[in-house]
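Novice:
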């Protein structure tokens, strides 16, 4: 599924890359602050100090050893409510390796053989919660540029080990709100795309209760496409924070925790085997710890 048939060969305005990268960084800062504020609330289940993010600069080196950008890896481990959460921002550039060039060309990106330079920036977030009644969550938004094309991508999906229908409904209502202001029918299309993308074929099931997903978004109107991508990012906290507040003090059993660990195993399988972002990050030489930030701190397989 694609938002357009291919990333269109249209030039983004000169300011586009700077503006997009700056906004992704701002969103990262807002989410980190909000999550640390959630940690300031004491938990009846964990006699722990409030968790705080460890912030580490990341770098990407080109094949010739030159600087090719990097980013910020922000990870909180062992918090009162967040057992592990990463909120990463990156801005990288360079030349795509032959394998990545072929993959881009196969997706319809023009000019890969003639000029395989690229630039990419985005925010990537995955949260694994201490209380098994609080769902895990993923969100990312990104912009990709080559000399002959540009596009946006991203989305967010909810991954509960123990599903509550009202939580699912709330999350999807916010995802719908992110879409509705921009185009009638977009939510339904991107929800279906998420259901397809976040499916785990070898398990015959979805990894969670879905959300929205999109890629190759280039309508020819950079401002409109960027506005929609901002909308996706801006609706994330309203979609997720209320679920943390509602479920974080809920009592759990050993069976509940066991269900969470098994579900985390499913999440890890998906990210290591199928996730396009994981594959791209590793193939383009980005910091492996940042790329694999999404993996849970503990998981279990039956």
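Residue numbers (the numbering used here): 495 to 796.
For glycine and all other residues, C-beta sits at the position ideal for the given N, C-alpha and C.
1. Between the beta-carbon of residue 726 and the beta-carbon of residue 648, is there less than 8 Å?
2. Taking only the alpha-carbon atoms, compute the straight-line gap between residue 645 and residue 582 and give it to the nearest angstrom.
3. Cβ of residue 755 within 8 Å of Cβ of residue 701?
4. Report the CB separation of residue 622 from residue 577 in whole angstroms; it is logged as a contact under 8 Å.
5. Which word fits residue 499, buried or exposed, when buried means at least 16 other C-beta atoms lie within 10 angstroms of its C-beta?
6. Grab me the residues of residue 524's own chain with a C-beta within less than 8 Å of its C-beta, minus the 5 sequence neighbours each way, in chain order.
7. Should residue 704 go down as buried or exposed, given a rule of 16 or more other Cβ atoms within 10 Å for buried?
8. On a Cα-Cα basis, can you pick out the residue from 529, 598 and 747 that is closest to residue 570?
9. Thinking just about the alpha-carbon of each residue, which of 671, 568, 795 and 538 is nearest to the one in residue 745?
10. Give every residue of the same chain whose Cβ lies closer than 8 Å to the Cβ of residue 750, excluding the five residues on either side of it in the sequence, and list them in chain order.
11. For residue 525, which three-state DSSP category applies?
12. Taking the alpha-carbon positions, what's the residue 511 to residue 770 distance?
13. At 3 residues or longer, what runs of the beta strand (DSSP E) sit wholly inside the region 627 to 690?
14. Taking buried to mean at least 16 other C-beta atoms within 10 Å of its own C-beta, is residue 491 buried or exposed?
15. Our contact map puts residue 567 next to residue 784 with C-beta atoms below 8 Å; I'd like the distance itself, whole angstroms only.
16. By the 10 Å Cβ neighbour count, where 16 or more other Cβ atoms means buried, how is residue 757 classified, buried or exposed?
Specialist: Well, looking at it:
1. yes
2. 20 Å
3. no
4. 5 Å
5. Because residue 499 carries a pLDDT of 48, less than 50, the predicted location of this residue cannot be relied on, and no value is offered for it.
6. 731
7. buried
8. 529
9. 538
10. 626, 627, 655 and 656
11. helix
12. 22 Å
13. 630 to 640 and 643 to 653
14. As displayed, the chain neither begins before 495 nor continues past 796, which places residue 491 out of reach and without an answer.
15. 4 Å
16. buried
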